[in-house]
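Asker: Just dropping this structure here.
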Amino acid sequence: MGWLIFAVVAWIVGWMLNVWLARRPPSRLTGLASPIVFGITLIAVWEGVVNGFEINQVLLPAPSVIAVRFASSTAILWVDFVQTVLKGALSGYIIGCGSAFLIAVAIDRFPFLQRGLLPVGNFVAALPVIGMAPILVMWFGFDWQSKAAVVVVMVFFPMLVNTVQGLQSTDAMQRDLMRTYAAGYWKTLLKLRLPAAMPFVFNGLKIGTTLALIGAIVAEFFGSPVKGMGFRISTSVGQLALDLVWAEIVVAAIVGSAFYGLMALVEKRVTFWHPSQRN
Amino acid sequence: MRRSVVPVLSVVGFLLVMWYAAAVWLNAPWAYDKATRSGEVLTTSTLVADTWSQEKPKLPAPHQVGKEIWKTTVEKKITSKRSLIYHSWVTLSATLLGFVMGTGLGILLAVGIVYNRTMDMSVMPWVIASQTIPILAIAPMIIVVLNAVGISGLLPKAMISMYLSFFPVVVGMVKGLRSPDQMQLDQMRTWFASKSQTFWKLRLPASMPYLFTSLKIGMAASLVGAIVGELPTGAVAGLGARLLAGSYYGQTIQIWSALLMAAALAASLVGIIGIIQRVTLKRMGMA
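Chains as they are written, first to last, in our numbering: chain A, 1 to 279; chain B, 1 to 287.
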């Protein structure tokens, strides 16, 4: 009973605090504090409800249990992190985004290819590409190469479509100005069109961060060596060791947010001139 | 639109040619292997013919996949466990249920965020952060846990679809509900419109184009969720189960046909939303 009261009180206190924060004049501090308070409230309510209703720890572990498990199995988590994120996701992300970018620049010179590839690219970007995972695992084997291949396929088309669109985003006036400067194709590309395409490119890069992690983890469901986050999740679910699964999810959440945040930070530096980055 | 027909067709044609070529290249080692064991000598034409008609090729040729799809959709009864239409229906029902739940949740959250400053400041950042978390990774756990509580069948898969599809709807609807500019809002005020009137007559109609764009993204995401949700259920039914079973037994043709079926499903679902969008927006005088 005590835990349930704790959960209710935590919710009320958290919400009141946020209402108070929202009434204050908006500033960086309140903008940052508000979601943090909300998050802590949620965790407190979770802890209270799990203990209060005595929910089986096998089904839904309390946050404190997950934290203990996380701290005690950092070695396993690190091995899985290296296998899935560094080897699988990151290498696939770099190859996929890099090649999509180069191909986009290449087909940008040919309007025929643009008109043909953009609809096809948009179509493929909406398909359940993740279904390619079993095929690619068959082709490239169980180790990280197949995971990287899945990631390449997943991030390629969103990146391609975004870059092609970005390269088209300059208007006639700007291109005419470059022509009056007697700038050739390469100079126009480097000084005008690539910088103008950057907001779109970063949009593709940011979409790709989550896709890369999802691709690498789901591909491991179809076969992997005895390490990796996807492997650990699927086997631990089988053993009903859900605290370890949640620990892996915490890692995935941290990595996903950090990856996305890093891209957003670089975007802020590169596209400081864009209206959406100026307040 | 018509301008792009020829380029699109030539790109698709090029992809098909590449597919056939890749089939020859990838399946050739197996064909050579077989030939040396039986002591035959392969000419180019027999090699090509063999690579395009293997039982378990590394990459099946398009016509093999087409034949398999034809065999499992038209020639099988719909109720049969081997009918691809049956499996598609299993996946589709979970997709649609999750999509409806996700859209409802998304619209409610968006209205809350637009009208309540506290929610805007505390919940909105978490909505965005929730998408940087690779949610599909916990699909197996959601399914096992819900199974243990006694919920099985359609709902666990639909929950995953819901989680994936609510995000685009929230973001799009928040943008859409805020899209009326100050002038329009002031106009409503001069008419002495109440808060609910402003919502129903100005904000909601103005958000429609944004809603439809998000619905398309949400639908595609929802299908992915349903397919991945089927992976850990032990390969019973559904397109995801076909993928998994195919990968266990090396039935590449089966994998490819399930994959193409999923692609067709995604394309037609998104297409249907596109048609509804065009009709609705035309009726509202927005397109």
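Glycine residues also receive a C-beta, built at the ideal position from the N, C-alpha and C atoms.
1. Hey, is the segment 82-95 of chain B in contact with the segment 195-213 of chain B, meaning 3+ C-beta pairs nearer than 8 Å?
2. Where do the ends of the alpha helix (DSSP H) carrying methionine 101 of chain B lie?
3. Excluding the five sequence neighbours on either side, which residues of its own chain have a C-beta within less than 6 Å of the C-beta of glycine 246 of chain B, listed in chain order?
4. Using the C-alpha atoms, what's the distance from glycine 52 of chain A back to glycine 2 of chain A?
5. Quick check: what's the CA-CA separation for histidine 87 of chain B versus arginine 242 of chain B?
6. Could you check whether the Cβ of valine 5 of chain B sits closer than 7 Å to any heavy atom belonging to the ligand NAD?
7. At the 8 Å Cβ level, is proline 140 of chain B part of the contact set with chain A, yes or no?
8. DSSP three-state label for methionine 159 of chain B, please.
9. Which runs of the alpha helix (DSSP H) fall wholly inside the segment 158-194 of chain B and span at least 4 residues, in chain order?
10. Could you tell me the alpha carbon to alpha carbon distance between isoleucine 214 of chain A and leucine 109 of chain B, rounded to whole angstroms?
11. Grouping DSSP H, G and I as helix and E and B as strand, with all else coil, what is glutamine 168 of chain A?
12. Taking three-plus beta-carbon pairs below 8 Å as touching, is the segment 113-120 of chain A in contact with the segment 155-169 of chain A?
13. Can you find the residues in the same chain that come closer than 6 Å, C-beta to C-beta, to lysine 175 of chain B, ignoring five residues on each side of it along the sequence?
14. The alpha helix (DSSP H) spanning leucine 136 of chain A covers which residue range?
15. Which residues of chain A have a Cβ atom closer than 8 Å to the Cβ of arginine 3 of chain B, listed in chain order?
16. Check whether the Cβ atoms of valine 129 of chain A and phenylalanine 222 of chain A sit closer than 8 Å, and answer yes or no.
17. With the cut-off set at 8 Å, would you say glycine 112 of chain B and serine 222 of chain B are in Cβ contact?
18. Report yes or no: do the segment 243-262 of chain A and the segment 186-198 of chain A share at least 3 C-beta pairs separated by less than 8 Å?
19. What does asparagine 18 of chain A touch in chain B if you count any residue whose Cβ is under 8 Å from its own?
20. What are the boundary residues of the alpha helix (DSSP H) that includes leucine 52 of chain B?
21. Pick helix, strand or coil for tryptophan 273 of chain A, following the three-state DSSP scheme.
22. Do you know how far the Cα of threonine 190 of chain B is from the Cα of leucine 262 of chain A?
23. For alanine 262 of chain B versus glycine 131 of chain A, is the C-beta spacing smaller than 8 Å?
24. Out of A:Pro25, A:Met154, A:Phe272 and A:Ala67, which has the shortest C-alpha to C-alpha gap to alanine 247 of chain A?
25. Compute the Euclidean distance between the alpha carbons of serine 236 of chain A and valine 9 of chain A, then round it to the nearest angstrom.
26. Using 8 Å as the threshold, is the segment 190-205 of chain B in touch with the segment 46-65 of chain B, meaning 3 or more CB pairs across them?
27. Specify the secondary structure class of glutamine 197 of chain B as computed by DSSP and reduced to three states.
28. Return no unless some Cβ of chain A is closer than 8 Å to the Cβ of serine 88 of chain B.
29. Please compile the residues from chain B whose C-beta is within a distance smaller than 7 Å of the C-beta of glycine 52 of chain A.
30. According to DSSP, is leucine 192 of chain A helix, strand or coil?
31. Do you know offhand how far leucine 136 of chain B's Cα is from leucine 240 of chain A's?
32. What would DSSP say about leucine 240 of chain A, mapped onto helix, strand or coil?
33. From serine 130 of chain B to methionine 173 of chain B, what distance separates their C-alpha atoms?
34. What are the boundary residues of the alpha helix (DSSP H) that includes proline 29 of chain B?
35. Show which residues of chain B have a CB atom less than 7 Å away from the CB atom of valine 120 of chain A.
36. Measure the Cβ-Cβ separation of glycine 48 of chain A and alanine 106 of chain A and say whether it is below 8 Å.
Answerer: The structure says:
1. no
2. 84-115
3. Gln254 and Ile255
4. 7 Å
5. 8 Å
6. The model depicted lacks the ligand NAD and carries no ligand whatsoever.
7. yes
8. helix
9. 182-190
10. 25 Å
11. coil
12. yes
13. Tyr210
14. 133-140
15. Arg115
16. no
17. no
18. no
19. Thr118, Met121 and Ser122
20. Here residue 52 of chain B is tryptophan; the residue named in the question, leucine, does not match the sequence. Element bounds for tryptophan 52 of chain B: n/a, residue is neither H nor E.
21. coil
22. 46 Å
23. yes
24. A:Ala67
25. 34 Å
26. no
27. helix
28. no
29. Under the 7 Å cutoff, chain B gives no residues; its nearest Cβ is about 17 Å from glycine 52 of chain A.
30. helix
31. 18 Å
32. coil
33. 17 Å
34. 5-38
35. Val8, Val11 and Val12
36. no
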